[in-house]
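For the sequence shown, the numbering used here begins at 1219 and goes up steadily by one. Where a beta carbon is used, it is the ideal one built from N, C-alpha and C, also for glycine.
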Amino acid sequence: MSKKITIAIDGYSSCGKSTLAKKLAKALHYQFIDTGAMYRALTYAFAQQNLVSKDHLDEKNILQSLPSLEIQLDYQPDLEETFVKINGNDITQQIRLPEISALVSRIAAIKEVREKLVKEQRRIAEKGGYILDGRDIGSVVFPQAELKLFLTASPTIRAERRFKELSDKGIATTYEEVLKSLTERDEIDSNRKESPLIQTEDAFVIDNSHMSIEEEMELILNKIKTLV
Ligand code: DC
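Next up, the structure:
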């Protein structure tokens, strides 16, 4: 049996990181962790407690509430869906709403939030055989990962893809709103003080603007063959 490695997938918002991660997990029989879902889950919990909104961030009470929040991720490969619970309550659908997308980068910039989630991600995936997608996986969470992928695509193509995905799910939004939201998120994620989104020197960079998912998979599976 070939060695199970750790695969880190980082990149901008809506670059197809989780679509790729799910396909790779299936092909390689690996586990998948959507780390963005963890940041979204905390954001949802804080929004419910009125600790974050469009024009307000109550960092003091966020830090107080943080230790009491327990996140559970359950990725079901057959459904290609990560089920997310916070303190036992299922919030799988809620964390994808545009209002949570609009707030999550501000929560993800808080040092203590990142420390809690990075610790959890390392605990779950330390044995290898995991694919994790996020913003700081190759740079901070698993800098020793055997394969680091950095995905990118043009903002307009990413917005078109995400708009279609949200429309297919029946979520009301417009292309312009999606483009604005993802541009803002990239800006905050790339410029924050704590673990900003960066392209590490050892990452394999893929611009998938004009690539099909099949082409992308072939490229990466060939790369993996050289590693295991
Ligand atoms: O991948 P996503 O869009 O679900 O991520 C939601 C937000 O969480 C995104 O704005 C950046 C942040 N995030 C992060 O800072 N670090 C990660 N490892 C994953 C996500």
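Fill in: Residues near G1347 by beta carbon distance below 7 Å, same chain, minus five either side
Your numbering for residue 1347 matches position 129 in the sequence shown. K1222, Y1248, Q1249, listed in sequence order.
Practice prompt. Would you kindly report the start and end of the unbroken beta strand (DSSP E) that includes F1368?
Written response: Here residue 1368 is taken as the residue at index 150 of the sequence shown, counted from 1. Looking at the DSSP string, the run of the beta strand (DSSP E) that includes F1368 is 1365-1370.
Practice prompt. Please look up how many angstroms separate the CB atoms of G1356 and A1421, rounded, as I've assumed it's under 8 Å.
Written response: Taking the first residue of the sequence shown as 1, we reach residue 1356 at position 138. Taking the first residue of the sequence shown as 1, we reach residue 1421 at position 203. Contact flag correct, Cβ pair sits at about 6 Å.
Worksheet item: Within 6 Å: the Cβ of S1231 and any heavy atom of the ligand DC?
Response: As a first step, residue 1231 is located in the sequence shown; it is residue number 13 there, counting from the start. Flag set: Cβ of S1231 near the ligand DC.
Worksheet item: According to DSSP, which residues form a beta bridge with D1276?
Response: Taking the sequence shown and counting its residues from 1, the one referred to as residue 1276 is at position 58. Looking at the DSSP assignment, D1276 forms no beta bridge with any residue, so it has no partner.
Worksheet entry | Three-state secondary structure (DSSP) of E1419 | As a working mapping, residue 1419 is identified with position 201 in the sequence shown. It is coil, neither helix nor strand.
Practice prompt. Using only alpha-carbon positions, find the residue among A1363, D1308, Y1257, V1322 that is nearest to L1400.
Written response: Translated into the one-based positions of the sequence shown, residue 1400 becomes position 182. When only C-alpha atoms are compared, the closest one is V1322.
Worksheet entry | Burial state of I1389 (16 or more Cβ within 10 Å) | Taking the first residue of the sequence shown as 1, we reach residue 1389 at position 171. So I1389 counts as exposed.
Discussion item. So, does the segment 1418-1436 touch the segment 1367-1380, judging by three or more C-beta pairs under 8 Å?
Written reply: yes
Worksheet entry | Three-way DSSP call (helix, strand, coil) for N1268 in this model | For this step, residue 1268 is matched to residue 50 along the sequence shown. Of the three classes helix, strand and coil, the one that applies to N1268 here is coil, per DSSP.
Discussion item. Between which two residues does the beta strand (DSSP E) holding K1303 run?
Written reply: Taking the first residue of the sequence shown as position 1, residue 1303 is located at position 85. That run of the beta strand (DSSP E) goes 1299-1304.
Worksheet item: Do L1365 and I1225 have their C-beta atoms closer together than 7 Å?
Response: The sequence position of residue 1365 within the sequence shown is 147, counting from 1. The sequence position of residue 1225 within the sequence shown is 7, counting from 1. For L1365 and I1225, yes; Cβs fall inside 7 Å.
Discussion item. Between S1319, L1437, E1433, which has its C-alpha nearest D1407's C-alpha?
Written reply: Here residue 1407 refers to the residue found at position 189 of the sequence shown. Nearest C-alpha to D1407: S1319.
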